[in-house]
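Per my numbering, the sequence shown starts with residue 261, numbered consecutively.
In this text, a Cβ means the ideal position worked out from N, Cα and C, and glycines have one as well.
Source: prediction; values computed, not measured.
Taking it in order: structure first as structure tokens, then the write-up.
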Amino acid sequence: MFQEFKHIRLQEIAEVDFIMTPEQSNKAVSLHSPALETLTDFTQTKPVTVIESMAIDDAIEHMKSQHVRLLFVVDNDNNFSGIVTAADLQGRKVMAFMQRDGVSRDQVQIRHIMLSKLHIRALTYPQIRDAKVGDIMLTLKGSGAQHVVVVDESTAGVMRVRGIISSSDISRCLKIGFDVMYEAKSFAEIEKIVSQGVEL
């Protein structure tokens, strides 16, 4: 049964001192860095998805287990249909739907409160490829959103979701709170915070 395979000689590692980590984690990110450095790229990282019919409390648990604050929603055919955030699942949207439709919390499904793809405004991968982190920050600040979806076109001309950039990822890369960035009156102030770690 195992004739087609061979034993591979195990090596001693007593002299090994270092553990590799992704190169990007060692890069210093600034407002002038390529925006791609803050992109969660679905060609490299699997997106976290839920089905439209999932109960909202199950979605909250799924979100916690995956350590994310946004889920991509798919229909029964596994086609992208929208997004839902932690704020959506735990905020006023749920109460409003329950009151309007006269249902209990356990009857509320993702499809009832998600943001449909019909209402999502995204950036394209070429836009991101040519942008800087500061451009994305300004875009997020202008839209008031915490995330921006990135779409891309396949070689066959099919549009698909390529990834996402979140304010929390930018904040983590720049090593400052996004709320601090929102409070800054100019990019000069943000640059000062990023370069010197100065609090506003």
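- Burial check for A347: the Cβ neighbour count within 10 Å stays below 16, so the residue is exposed.
- Secondary structure of S426 (DSSP, three-state): strand.
- Between R352 and Q406, the C-beta spacing is not below 9 angstroms.
- The three-state reading of DSSP puts S290 in coil, since its state is none of H, G, I, E or B.
- When only Cα atoms are considered, T384 and M397 end up about 16 angstroms apart.
- In summary, F332 is buried, with 16 or more beta-carbon neighbours lying within 10 Å of its beta-carbon over all protein chains present.
- The three-state secondary structure of L383, taken from DSSP, is strand.
- Note that the C-beta distance between G423 and T345 is not below 9 angstroms.
- One Cα belongs to N338, the other to D318, and the distance between them is close to 18 angstroms.
- If you keep only unbroken beta strand (DSSP E) runs of at least 3 residues inside the segment 302-351, you get 309-311, 330-334 and 340-345.
- No residue range can be given for V368, since it is assigned to no alpha helix (DSSP H) and is classified by DSSP as neither H nor E.
- L270 sits exposed, since fewer than 16 C-beta atoms from the chains shown fall within 10 Å of its C-beta.
- DSSP places E449 within a helical segment (H, G or I) once states are collapsed to three.
- Rounded to whole angstroms, L434 and Q263 show a C-alpha spacing of 54 angstroms.
- DSSP, reduced to helix, strand and coil, places V393 within a helical segment of the structure shown.
- D412: member of the beta strand (DSSP E) spanning H407 to E413, first to last residue.
- I273 is classed as exposed because its beta carbon has fewer than 16 other beta carbons within 10 Å across all chains shown.
- The residue from H372, N336 and S290 with its alpha-carbon nearest to that of S431 is S290.
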